[in-house]
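Shown next, in structure tokens, is the structure this report addresses.
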Amino acid sequence: MYALEVVDLTVSVSGKRILKNVSLNIKCGEVVLLLGPNGSGKSTLVQTIIGNPKYRVESGKIIFYGEDITKLPMEARVLKGISLAYQIPPKIRGVKVRDLIVHMLRKRGKTKNIVSELEEYASLLKVQHLLDREINVGFSGGEMKRVELLLTLMQKPKLALLDEVDSGVDVENIALMGKVINEHLVGSGASTLIITHTAQIAKYVKADKAYVMINGSIKCEGDAEKIVKTILQYGFEKCIKCLGWKL
Ligand SMILES: Nc1ncnc2c1ncn2[C@@H]1O[C@H](COP(=O)(O)OP(=O)(O)OP(=O)(O)O)[C@@H](O)[C@H]1O
Ligand SMILES: [Mg+2]
67 MYALEVVDLT VSVSGKRILK NVSLNIKCGE VVLLLGPNGS GKSTLVQTII
117 GNPKYRVESG KIIFYGEDIT KLPMEARVLK GISLAYQIPP KIRGVKVRDL
167 IVHMLRKRGK TKNIVSELEE YASLLKVQHL LDREINVGFS GGEMKRVELL
217 LTLMQKPKLA LLDEVDSGVD VENIALMGKV INEHLVGSGA STLIITHTAQ
267 IAKYVKADKA YVMINGSIKC EGDAEKIVKT ILQYGFEKCI KCLGWKL
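Going by my numbering, the first residue of the sequence shown is number 67, and it counts up by one from there.
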């Protein structure tokens, strides 16, 4: 059974075609890496999966647990159990992290144990001191990423999309985030798509497979460890030249 099937997806933003015939799948409970150079379309893909209306699907389908969600609005997708941790999370002045999370979960019908779970996850991610601050206002890069992961965990998603979860995060905090992802996201049965440049997070979270996106298309799919090793050793450009990842 697949948690997610992206089928032959072509997407444009502001009239510019960014994704071309992208196909990708994640089986239930799998951890999948998505790698690719800057500007290749990785964030565009996850924004399209979550249903950001800025991204226009020209053709193709997004299937979530067997259901075609391509035309569903973002809120409906989130209610079905998809979450997105943003690469660049928005600042929200006047709203505290704690209040956003409590409001978001109550709106979705959860009333029990919100505060105790929030305290538990905040403590695991070492972000208790941020709960009563305005969302992302003045947060360091690493703090923003840990709060994004906190938001993801609190939603208890069936499919977690983590966009550049490890960029700008120090070594100890990557290890910490990896442990939390393993124990509380993957461990709870969530399927997970992790976008990463450096693959640092892959040292701590074992991925079942990896995809490489170049210039809006998937050029390679296979064993995560092998692909990460090759990219870190040679870089994307050499891989494109030597492995026939045509542009
Ligand atoms: N509104 C827009 N108008 C024109 N081009 C856009 C728009 N939004 C995104 N793009 C372009 O789409 C391409 C893909 O961007 P995207 O953010 O998906 O890349 P990415 O793979 O996530 O890159 P990075 O690794 O730097 O995060 C980029 O060239 C970007 O400039
Ligand atoms: Mg991106």
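Even glycine gets a Cβ: it sits at the ideal position worked out from N, Cα and C.
Secondary structure note for Y131: it is in no alpha helix (DSSP H), with a DSSP letter that is neither H nor E. Across the structure, L90 and L70 are spaced so that their CA atoms are roughly 8 Å apart. When only Cα atoms are considered, I167 and K307 end up about 46 Å apart. When the Cα atoms are used, A142 and P223 turn out to be separated by approximately 13 Å. Within the same chain, V193, L196 come within 8 Å of E209 by CB-CB distance, once the 5 residues on both sides are set aside. In the three-state reduction of the DSSP assignment, C94 falls in the coil class. Beta-bridge pairing by DSSP links R83 to S78. L251 is positioned such that its CB atom lies no closer than 8 Å to that of L298. For D229, the enclosing beta strand (DSSP E) has its first and last residue at 225 to 229. If one requires a minimum length of 4 residues, the alpha helix (DSSP H) runs lying completely within the segment 166 to 231 are 180 to 190, 207 to 221, in chain order. Judged by DSSP secondary structure, G244 falls within the alpha helix (DSSP H) whose first and last residues are 237 to 246. I84 and S182 have their C-alpha atoms spaced approximately 42 Å apart.
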